[in-house]
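Enquirer: Chain order of the listed sequences is A and B.
If you count by our numbering, then the first sequence holds residues 5 to 440, one letter each, in order.
If you count by our numbering, then the second sequence holds residues 19 to 162, one letter each, in order.
Can you keep this structure in mind? I'll have questions shortly.
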Amino acid sequence: MDIRYWNKDVETADVQKIRHLQLQRLKSIIASALKTPFYSRRLPSVGINSPDDIKTLDDLRRIPFTMKDDLRQNYPKGLLSVDTSEVVRIHTSSGTTGIPTVIYLSAKDLDAATDIMARSITATGAGRTDILQNMMSYGLFTGGLCMHYGAERVGLMVIPAAGGNTKRQVSLMNDFRTTVLHITPSYLLHIHSKLAEYGVKVGDLALKKAFIGAEPHSEGTRRKIEELFKIDAYNSYGLSEMNGPGVAFECVYKNDLHLWEDAYIVEIINPKTGQLVPDGQEGEVVLTNLIRHAMPLMRYRTRDLAFLHIEPCKCGRTHRRLSRILGRSDDMLIINGVNMFPSQIEEVVMKIPEVGNNYQICVEKDGALDRLIVKVELYSKMFLGEAKQIDNLKSKIGEELKASITIKPAIELHEPGSLPAFEGKAVRVVDTRPKL
Amino acid sequence: MAKQLHIFVENKPGRLRAITDNLQKVGINIRAFAIQDRGDYGLMKLIVSNPEQAHLSLADMGCACALKDVLAVSIPDRPGNLHRLLSVLVDGGINIVDAHGFVLQPNQQGICILEIENLAQTNAEQVVRKAGFDVLGNDQLNNL
Ligand SMILES: [Zn+2]
């Protein structure tokens with residue numbers, strides 16, 4: 005095995021050393037947090053008025069969880085600890101309503117996040133001679149830019165292809181002899197289904213690795229990708245609130261994801277009780293970011309369900325491994341790697357006067373990709389009797405949804421009263437994608 | 019002006035029957051109908067014996083429906099007559115959104131139901147009458 009380290013001292017440090025580092029960094033994050041409007045109220049309410057009030061890592065658990073809703077209520081600047089002149093980058097991600105969540109990075113924060121990303125890339129054995137085609141979307145989403153920065157730091161040649169335009173993606177792979185892809189698993193499978201159409205064979209390409217993430221997928225999907233493309237596929241875990249990809253990454257052993265514990269404190273809790281679950285048990289991932297000071301985030305409830313491995317890894321890294329994401333403890337939907345909440349869709353469609361009382365969100369597989377269909381009822385009193393009105397209404401709903409959730413779903417209009425009613429336990433989301 | 023009942027229907031089995039069932043229960047006679055297919059939905063368009071009553075009955079059932087003014091033109095069932103009617107409209111700069119026609123036996127009377135774009139803002143009725151066609155109102159349609 006070709007085991008490479010980006011920062012061997014930290015990656016292989018003994019547990020005591022990592023815990024010591026975590027405590028030092030936590031104190032430092034507390035100092036920053038006390039400068040934010042949000043934590044400057046919350047921390048004193050549990051008796052934390054200065055970093056010195058944190059004596060051991062157990063003191064972390066005195067701090068209440070931070071929820072996505074806290075981010076929404078404190079949007080846009082309630083968790084900012086510095087003047088915006090210190091900020092060099094922001095990213096946003098979907099909130100449960102039209103209000104997104106935002107993160108801020110200072111130059112130092114960005115440097116630290118980039119370093120963690122570089123460490124993740126290196127752990128897979130990728131290096132300077134590799135050519136990375138980064139097919140995650142650039143922009144407000146963290147997936148594209150954060151990987152880009154990390155890969156540049158390692159010294160890979162980066163093709164900032166972003167998502168979409170499958171034919172051009174394949175041309176880029178071919179022309180520039182791409183060796184590594186950063187991509188969602190469903191899109192990678194979709195590309196395979198298109199190769200014959202473009203007259204390209206897998207053997208024509210120079211692919212060696214893929215970093216796959218941004219959507220839950222099974223071990224079966226990973227194996228399928230590896231067999232179809234004759235490559236190694238490495239699982240990646242991250243979330244916008246924690247700086248995006250690179251929170252945890254697989255090493256060459258591909259045996260679940262090393263969570264970089266010098267950068268993040270991970271807790272696995274029972275989502276119902278909030279109590280820690282015993283080691284190795286499945287629960288909700290709670291993360292404290294130790295490397296971002298411009299916008300501290302402590303004990304953040306990710307709503308991702310996973311477990312931690314307790315056995316060490318053969319690669320020599322001491323950072324514990326997080327399982328693949330097994331599900332969600334909320335109703336967030338992940339459609340082709342894009343996160344959204346049913347409540348966002350509801351907020352949009354219920355504001356449109358021509359839409360009746362009921363709606364339904366359907367998610368299905370269309371080949372390798374996900375397909376989102378939003379079904380709404382026509383409000384009978386607003387119907388003017390014209391097909392043009394219906395067609396305009398459908399495109400209006402599609403456009404307004406795209407503005408909120410960034411993708412444009414298929415819109416189906418139904419007769420009044422034909423969808424399951426709001427009363428009782430109406431099934432608002434019908435997800436027929438195969439279970440993992 | 020003649021009234022046509024437009025009903026929004028999903029493209030799925032049994033929907034049209036639900037509408038005819040409702041109308042037959044209140045004794046409405048369907049004189050003519052057409053369906054404008056739009057893929058996942060359609061518009062059912064009915065010429066009925068009592069449009070207002072039919073509208074209320076379907077609205078009570080929760081249907082999305084609307085009464086639309088249409089031009090009901092009587093044309094003798096002979097070669098070239100539809101062409102003549104359409105020429106008159108084209109020359110008058112009047113656009114047809116949708117149309118359907120039927121022929122009444124035994125007097126070989128053709129009836130053409132025309133949905134006209136922005137009907138109220140056009141002089142479509144005068145143009146058609148001036149060309150020698152009869153334009154029928156609701157009562158005349160009912161008494162055919
Ligand atoms: Zn390892």
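The C-beta atom is built at its ideal place from N, Cα and C for all residues, glycine as well.
(1) For T100/A and L405/A, what's the separation of their Cα atoms in angstroms?
(2) Within this structure, are the beta carbons of R49/B and V66/B separated by less than 8 Å?
(3) Between D152/B, L34/B, V108/B and M19/B, which has its C-alpha nearest V91/B's C-alpha?
(4) Taking P80/A as the reference, which of L440/A, M299/A, E90/A and K198/A has the closest Cα?
(5) Go through the region 31–76 of chain B residue by residue and report every complete run of the beta strand (DSSP E) that reaches 3 residues or more, in order.
(6) Out of curiosity, what's the CA-to-CA distance linking I103/A and M344/A?
(7) Any chance you could list the alpha helix (DSSP H) runs of at least 4 consecutive residues sitting entirely within the region 117–154 of chain B, in chain order?
(8) Which residue from T96/A, G159/A and S110/A puts its Cα closest to that of G143/A?
(9) For the alpha helix (DSSP H) that H152/A lies in, which residues bound it at each end?
(10) Tell whether a beta-carbon distance below 8 Å holds between L85/B and N40/B.
(11) With a cut-off of 8 Å, does the C-beta of G80/B fall near any C-beta of chain A?
(12) Please classify K51/A as buried or exposed, where buried requires at least 16 neighbouring CB atoms within 10 angstroms.
(13) Determine the contact status of I114/B and L107/B, defining contact as a CB-CB distance below 8 Å.
(14) Given a threshold of 16 other Cβ atoms within 10 Å of its Cβ, counted over all protein chains shown, does Q77/A qualify as buried or as exposed?
(15) Enumerate in chain order the residues of its own chain whose CB-to-CB distance from I93/B is below 7 Å, with the five nearest sequence positions on each side excluded.
(16) Give a yes or no on whether the minimum CB-CB distance between S422/A and chain B is below 8 Å.
(17) Taking the beta strand (DSSP E) that A20/B belongs to, which residues open and close that run?
(18) Using CA coordinates, which residue listed in T188/A, D13/A and G242/A is at the minimum distance from T225/A?
(19) Who sits around ligand 1, taking every residue whose Cβ is closer than 6 Å to one of its heavy atoms?
(20) Please report whether the beta-carbon of H221/A lies at a distance below 8 Å from any beta-carbon of chain B.
(21) Hey, quick one: how far does the alpha helix (DSSP H) through F42/A stretch, first residue to last?
(22) Within a Cβ cutoff of 8 Å, which residues of the same chain sit near L114/A, ignoring the five residues on either side of it in sequence?
(23) What did DSSP end up calling I229/A once you bin it into helix, strand or coil?
(24) Please compile the residues from chain A whose C-beta is within a distance smaller than 7 Å of the C-beta of A138/B.
(25) Tell me whether the beta-carbon of L294/A lies closer than 8 Å to the beta-carbon of R29/A.
(26) Using the beta-carbon of each residue, which ones in chain B are nearer than 8 Å to E271/A?
(27) Within 10 angstroms of its Cβ, does A3/A collect 16 or more other Cβ (buried), or is it exposed?
(28) What did DSSP end up calling A35/A once you bin it into helix, strand or coil?
(29) Determine, using beta carbons only, whether A210/A and T183/A come nearer to each other than 8 Å.
(30) Thinking L261/A and E271/A are a contact (beta carbons under 8 Å), I'd like their distance in whole angstroms, please.
(31) Is M177/A helix, strand or coil by DSSP?
(32) Would you mind working out which of P31/B, Q42/B, P69/B and L162/B sits nearest P124/B, comparing C-alpha positions?
(33) Using 8 Å as the threshold, is the C-beta distance between E288/A and R305/A below it?
(34) Would you be able to state if there are at least three C-beta pairs under 8 Å between the region 372–384 of chain A and the region 401–417 of chain A?
(35) Assuming I37/B contacts I25/B under a Cβ cut-off of 8 Å, what Cβ separation, rounded to an integer in Å, is found between them?
(36) Determine, for Q54/B, whether the minimum Cβ-Cβ distance to residues of chain A falls below 8 Å.
Expert: According to the structure shown:
(1) Residue numbering aside, residue 100/A sits at position 96 when the first sequence is read from its first letter. Residue numbering aside, residue 405/A sits at position 401 when the first sequence is read from its first letter. Going from the Cα of T100/A to the Cα of L405/A covers about 14 Å.
(2) The sequence position of residue 49/B within the second sequence is 31, counting from 1. The sequence position of residue 66/B within the second sequence is 48, counting from 1. Yes, these two residues count as a Cβ contact at 8 Å.
(3) Taking the second sequence and counting its residues from 1, the one referred to as residue 91/B is at position 73. That would be D152/B, whose Cα lies nearest to the Cα of V91/B.
(4) Taking the first sequence and counting its residues from 1, one reaches residue 80/A at position 76. Cα-wise, what sits closest to P80/A is M299/A.
(5) Entirely contained in the region 31–76 of chain B, the beta strand (DSSP E) runs reaching 3 residues are, in chain order, 48–55 and 59–66.
(6) Start at 1 with the first residue of the first sequence, and residue 103/A comes out as number 99. Start at 1 with the first residue of the first sequence, and residue 344/A comes out as number 340. Cα to Cα, the separation comes out at about 12 Å.
(7) 142–148
(8) Walking along the first sequence from the start, residue 143/A turns up at place 139. Per the Cα distances, T96/A.
(9) Taking the first sequence and counting its residues from 1, one reaches residue 152/A at position 148. Looking at the DSSP string, the run of the alpha helix (DSSP H) that includes H152/A is T146 to V158.
(10) Taking the second sequence and counting its residues from 1, the one referred to as residue 85/B is at position 67. Taking the second sequence and counting its residues from 1, the one referred to as residue 40/B is at position 22. No, they are not a contact pair.
(11) By 1-based counting over the second sequence, the position of residue 80/B is 62. Yes, because at least one Cβ of chain A sits closer than 8 Å to the Cβ of G80/B.
(12) For the purposes of this step, residue 51/A is identified with residue 47 of the first sequence, where counting begins at 1. Checking the displayed sequence, the identity of residue 51/A turns out to be Gly instead of Lys. Under a 10 Å Cβ-count criterion, G51/A is classified as exposed, with fewer than 16 other Cβ atoms of the shown protein chains found around its own Cβ.
(13) Numbered from its first residue, the second sequence carries residue 114/B at position 96. Numbered from its first residue, the second sequence carries residue 107/B at position 89. The answer is yes: Cβ separation under 8 Å.
(14) Here the question's residue 77/A lines up with position 73 in the first sequence. Classification of Q77/A: exposed, given that the 10 Å Cβ count is below 16.
(15) Along the second sequence, one-based indexing puts residue 93/B at 75. N99, L100, L103, G128, C130 and F151, listed in sequence order.
(16) The sequence position of residue 422/A within the first sequence is 418, counting from 1. Yes, its Cβ sits closer than 8 Å to a Cβ of chain B.
(17) One-based indexing of the second sequence puts residue 20/B at position 2. A20 to E28 is the extent of the beta strand (DSSP E) around A20/B.
(18) Locating residue 225/A in the first sequence gives position 221, where the first residue counts as 1. Selected option, being the one with the closest Cα: T188/A.
(19) C255/A, Y257/A, H262/A, C317/A, C319/A and R321/A
(20) On the first sequence, residue 221/A is found 217 positions in, with the first residue counted as 1. Taking Cβ atoms only, chain B never reaches closer than 8 Å to H221/A, which makes this a no.
(21) One-based indexing of the first sequence puts residue 42/A at position 38. DSSP places F42/A inside the alpha helix (DSSP H), whose first and last residues are P41 to S49.
(22) On the first sequence, residue 114/A is found 110 positions in, with the first residue counted as 1. Contacts found: V92, R93 and Y153.
(23) For this step, residue 229/A is matched to residue 225 along the first sequence. Three-state result, I229/A: helix.
(24) To locate residue 138/B, count along the second sequence from 1; it is residue 120. The premise fails here: A138/B is roughly 13 Å from chain A at the closest Cβ pair, so nothing lies under 7 Å.
(25) Working through the first sequence from its first residue, we reach residue 294/A at position 290. Working through the first sequence from its first residue, we reach residue 29/A at position 25. Yes, Cβ-Cβ distance for L294/A and R29/A is below 8 Å.
(26) For the purposes of this step, residue 271/A is taken as the residue at position 267 of the first sequence. None at all; the shortest Cβ gap to chain B is about 47 Å.
(27) Residue coverage of chain A in this structure runs from 5 to 440, which leaves residue 3/A outside it and unanswerable.
(28) Looking up residue 35/A in the first sequence gives position 31. Three-state result, A35/A: helix.
(29) Taking the first sequence and counting its residues from 1, one reaches residue 210/A at position 206. Taking the first sequence and counting its residues from 1, one reaches residue 183/A at position 179. Cβ distance < 8 Å, so A210/A and T183/A count as in contact.
(30) Position 257 of the first sequence, counted from the first residue, corresponds to residue 261/A. Position 267 of the first sequence, counted from the first residue, corresponds to residue 271/A. Taking the Cβ atoms as the reference, L261/A lies roughly 16 Å from E271/A, outside the contact range of under 8 Å.
(31) In the first sequence, the residue the question calls residue 177/A occupies position 173. M177/A sits in a helix when the DSSP states are folded into three classes.
(32) In the second sequence, counting from the first residue as 1, residue 124/B sits at position 106. Looking at P31/B, Q42/B, P69/B and L162/B, the one whose alpha-carbon comes closest to that of P124/B is L162/B.
(33) If you number the first sequence from 1, residue 288/A lands on position 284. If you number the first sequence from 1, residue 305/A lands on position 301. Taking 8 Å as the Cβ cut-off, E288/A and R305/A qualify as a contacting pair.
(34) yes
(35) The sequence position of residue 37/B within the second sequence is 19, counting from 1. The sequence position of residue 25/B within the second sequence is 7, counting from 1. With 8 Å as the limit, I37/B and I25/B qualify as a contact, their Cβ atoms being about 6 Å apart.
(36) Mapped onto the second sequence, residue 54/B falls at position 36. So, interface residue.
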